[in-house]
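Residue numbers (the UniProt record's numbering): 1 to 878. Please read the structure below before turning to the comments.
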Amino acid sequence: MGTNHVTEQRIALVLNGGVSLAVWMAGVVYEIDLLRRSSQAAPNGQPPCILADPDAAVMRSWRRLCSAGTGQARRVVVDVIAGTSAGGLNGTLLATAIARGNTLNPTRDNRPWLSRMWIEQAALTARKLLSKGTGPASLLSGPYFSETIEKALEGLADCDSGTPVSLFVTATAVDPSNQTYVDGYGGEFTVPDHRRIYRFERSKERLAYHAPEEWNAAEAGACFSEVETDHFCERQSRTLGLAARGSASFPVAFPAVQENLELNGTHRIVPQEPAGRSWLIDGGILDNAPFGPVLDAIARRPLTGDTRRTLVYVVPSNGRDAPGADIAADGPSWQQIAVAGVSFPREVDFRADIEQLETLMREGEAVWADADQLFTRLLASPAQRDQHVSAATNLVSTYRTARAAGGIREARLIAKTRQSTSEVPSAPTSLSAHPTLSADDVAAVLGTSPGWLPPENAALTDFTVGSPWQWGFSTAHNSVRLMLQHLRNQLAGTPGDERLTTAITEVDRSLRRIVAVREAFEKLIIGLDSEVADDDTLLAQHVSGAMAGIHTSEVLSTLVGDAVEAFTAVPGLVTGPGPRQQALLRTLLAVEVIGKALHARLPQQRHAAFDLLRLGPDTQAPALEGAYSAMAVALGGGKLYGTQAGHFGAFGRVKWRRWDWMWGRLDAAAQLGRAIGSDQGMTEAQIESWIANMQHRILRSEGRSARQVEAGLTRVAQLNLPNVLNAMRSRSSRDSLRLLGDRALRLLTNGHSGGLATVALWLACLTQRHDMTNLSTYQRVARWFTHPLRAAAWYWLAQAEVPEPATPWLLRRWLYWVGFTVLLASAALLGWQFRDRPVAMGLLTLAAVLLGLVSGALVLLAWLGRRRRKLGGFLPGG
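Okay, structure coming up:
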């Protein structure tokens, strides 16, 4: 390469759910793991902790791509991962490998460890997903699922070379946490919240601030220490597995799991008391893509040097125009309306994810774009800078009023959030449209001389570098971040500039320290008495006292001054006469006042710029012939067995899981390769050639040829539910169908009470394969008569032989003939006895006729019983 400059490509990964589509997603995750390892490999090409790798050729292709085009090396770092359901499970494995410095193939076998886990372990067999121990509330084995996850996490040994990573896993609580709100007229109402988000972190980047008894600017650095957090150590494997297991507990398929104390109290975002531990089911029910915490996490990440941020959204959907239904001129049919009522709600989750992401991106741009542009313009134009400084000075009074109200509101929000974890119930959230503070309230707050506001009638020219900081946390944070963003923009235009790189490192350190000081302050707001928290004046005095107690004014002055000094050390960034540091500080304060004068009541929000890459299965495959490559795009998710049978299809057969795993790798290589190649300045033809070459290498690694894949696409294009069931009726899968059918019936017929218990018992005696005990005579008769239908249905489903039930005593033919003979003899004897009594004879004759009819009916019933096998001929296999 012509330069040693390295661009860091940071990836935040959001993994959607999809039951057996987890296999395709595992292929995607594995390929991402190969990419990050390849870009970070040692000079000898060997990643840490591994002596050999079955995908060495694939890794070499990734490494060449990361060094292609402009000649700038690209180092890929995955530092934020969020997952739901199947995505939560795969995301947990990837995050654990990253945090422990390991890989998703730690066993050095020819077939990757992750693929073996999904292809061999995720099987519907008697010793695996259908193993014993399945409870009455699920089809599949929860204990086996939990044990498999824990063993997988334990297999990822800690290699002492882990890197920082944040993991977010969602789940749905069966028991809610109720949130109380107050409307604009004082009425309280409760809204249940079943969402759960768990956070795991490995980080050496977080700083803690230790306030000294006396402030000494020369010793400011000694007040900060690195806080190492590691939630991925091996002793945490059980808790990690529990979060992943809860997130992937698809309703009915797997039983719910209960939080442990650590998961509830340490890792849950907005935790509850341990007594409130929840029972967890699939996270995709309510939150299939947790973008919010991901974007907050990437905004907190320190960025040094030339860094690009990409949010990769892995979702196993087509992402193409859906075919519309043909609707008649007079309106849709009842069938179309019924289908719409069932299917349309499914689109809400995905559409809401995209709309939320668009909103967050728009907010981030709105918050920073205008401020950054104004800051850049004022740095380059001394005349405009002076004009804006003068205008901002005139707005200081308005700014102080808004910031006074905003500071009090923010302090209350902090106190409320923290109080929600204590034994004291948190205050209800107000939904009133009226301002929280009136003009008199704001005047009272200003009368306390708040420690986060500049003095009244202050001019921006009164403030100099090194003087006490009187602008609070948010202004310090925003100012330093503006400097950091400007430096990074400059570095993008002149890659490899060491002066810019050094300045970015110094300014970023100041920003991290400001965050640490703010966190130290927030701890002092915890547990405020309601008398203080509800009184504006007392709260303002308490906040000012807490800030003074940790020397906020002095430490922020030092940190902002350090950032200003590092920024102005780069020549040419600040133009005009006079001291550059003073000009920079006044520019920052002018941007702050002008930007916040009218909306400083809003709480501070962190935003970070990023590019979005949606990674789905609707991707071309240049390794195949043109028609088949287009077919792969057209089929999209339809080319995967995981989309069949209600998204459970891939669990059916080993070769289906191998197919989905392979396509996960191929799709990831195509879309990630296109994104990185484009960033590297490669032409479209070069990118297509690289993708085709990479996909051929992946196919060789998977033991397939392009021709085999093309033939497989032709077969999968004809897939439907009957075809899937026919394939599963093969000799290797029919036992699984039998077990699955048995457990489905047990699930339907167990756990009922009252009248439902009787209905469930009748349903069981009519449908279950195996003979049953404790049945009444009538139920045994019903089971005996329905045997042909039952046997034919089971044979059609899984070629299962259903044993002939014992004939109930009521249907034994000799009993009918004996009873009929006894009845006739008794009637004849009684008739001879009462032959001289006409009335008695009439009654006896009528009784004999009735008895004869009953006996005849029983004989007919016995005859039908002999012929009942023909009833099964109506079903296939009967």
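All residues carry an ideal CB built from backbone N, CA and C; glycine is no exception.
- Query: Exposed or buried, which one is Asn-216 when buried takes at least 16 other CB atoms within 10 Å?
  - Reply: exposed
- Out of Ile-98, Val-560, Val-564 and Arg-60, point me to the one whose CA is closest to Asp-160's CA. Ile-98
- Among Thr-7, Thr-502, Ile-285 and Thr-96, which residue has its Cα nearest to the Cα of Val-19? Ile-285
- Using the beta-carbon count (16 or more within 10 Å), is Thr-103 buried or exposed? buried
- Message: Whole angstroms are fine: how far does the CA of Val-517 sit from the CA of Ala-208?
- Response: Going by the C-alpha atoms only, they are around 8 Å apart.
- Task: Specify the secondary structure class of Gln-179 as computed by DSSP and reduced to three states.
- Result: strand
- Task: State the start and end residues of the unbroken beta strand (DSSP E) segment that holds His-194.
- Result: Per DSSP, His-194 belongs to the beta strand (DSSP E) from 188-203.
- Task: Specify whether the stretch 459-467 and the stretch 494-504 touch according to this definition: at least 3 beta carbon pairs, one from each stretch, less than 8 Å apart.
- Result: They do not touch, by the three-pair rule.
- Message: Classify Trp-334: buried if its beta carbon has 16 or more other beta carbons within 10 angstroms, exposed otherwise.
- Response: By the 10 Å Cβ count, Trp-334 comes out exposed.
- Provide the residue(s) that pair with Tyr-209 in DSSP beta bridges, ordered along the chain. According to DSSP, which records beta bridges pairwise, Tyr-209 is partnered with Phe-224.
- Message: I'd like the span of the alpha helix (DSSP H) that includes Thr-568, first residue to last.
- Response: 552-568
- Item | Cβ shell of Pro-251 (< 7 Å), same chain only, five flanking positions each side left out | By the criterion of a C-beta distance shorter than 7 Å, Pro-251 is surrounded in its chain by Ile-281 and Asp-282, once the five residues flanking it on both sides are discounted.
- Message: Please classify Gly-493 as buried or exposed, where buried requires at least 16 neighbouring CB atoms within 10 angstroms.
- Response: exposed
- From Gly-545 to Pro-164, what does the alpha carbon distance come to, in whole angstroms? 36 Å
- Span separating the alpha-carbon of Ala-650 from that of Ile-119: 9 Å
- For Trp-794 versus Arg-769, is the C-beta spacing smaller than 9 Å? yes
- Query: Who pairs with Ser-166 in a beta bridge, going by DSSP?
  - Reply: Val-80 and Glu-201
- Item | Cα-Cα separation, Leu-484 to Gly-472 | 19 Å
- Message: At the level of alpha carbons, what is the spacing between Ala-727 and Gly-616?
- Response: Taken atom to atom, the span from the alpha-carbon of Ala-727 to that of Gly-616 is near 27 Å.
- Could you check the C-alpha separation between Ala-12 and Arg-580 for me, to the nearest Å? 37 Å
- Message: Taking the straight line between their C-alpha atoms, what separation do you get for Ala-506 and Gly-561?
- Response: The sequence given here has Glu at residue 506, not Ala. Looking at the two C-alpha atoms, the distance is approximately 11 Å.
- Message: Considering only their Cβ atoms, is the gap separating Arg-60 from Val-6 smaller than 9 Å?
- Response: no
- Message: The alpha helix (DSSP H) that contains Leu-15, what's its start and end?
- Response: Element bounds for Leu-15: not the alpha helix (DSSP H) but the beta strand (DSSP E), 6-15.
- Query: Which residues in the same chain as Arg-127 place their Cβ atom closer than 8 Å to its Cβ, once the five residues preceding and following it in sequence are excluded?
  - Reply: none
- Task: Return helix, strand or coil for Gly-18, following the three-state DSSP convention.
- Result: coil
- Message: Does the structure place the stretch 255-263 close enough to the stretch 552-559 that three or more beta carbon pairs sit under 8 Å?
- Response: no
- Message: I'd like to know whether the C-beta atoms of Val-532 and Ala-458 end up nearer to each other than 9 Å.
- Response: no
- Item | Reduced DSSP category for Ile-281 - H, G, I as helix; E, B as strand; rest coil | The answer is strand: DSSP assigns Ile-281 an E or B state.
- Query: Can you tell me whether DSSP reads Val-314 as helix, strand or coil?
  - Reply: strand
- Along the alpha helix (DSSP H) that carries Leu-539, what are the first and last residues, could you check? 536-549
- Task: Could you have a look at Thr-229 and say whether DSSP puts it in helix, strand or coil?
- Result: strand
- Could you pull out every residue in the same chain whose Cβ sits closer than 7 Å to the Cβ of Ser-237, ignoring the five residues on either side in sequence? Glu-150, Leu-153 and Glu-154
- Query: Can you tell me the Cα-Cα spacing of Arg-665 and Pro-106, whole angstroms?
  - Reply: 18 Å
- Message: Across the stretch 381-401 and the stretch 584-603, are there enough close Cβ pairs to call them in contact, namely three or more that are closer than 8 Å?
- Response: Contact check between the stretch 381-401 and the stretch 584-603: three or more CB pairs, one atom from each, fall below 8 Å, which counts as touching.
- Item | Inter-stretch contact (C-beta, 8 Å, three-pair minimum) for the stretch 676-684 and the stretch 646-660 | no
- Task: Drop a sphere of 10 angstroms on the beta-carbon of Thr-683, count the other beta-carbons inside from all chains shown, and report buried for 16 or more, exposed for fewer.
- Result: exposed
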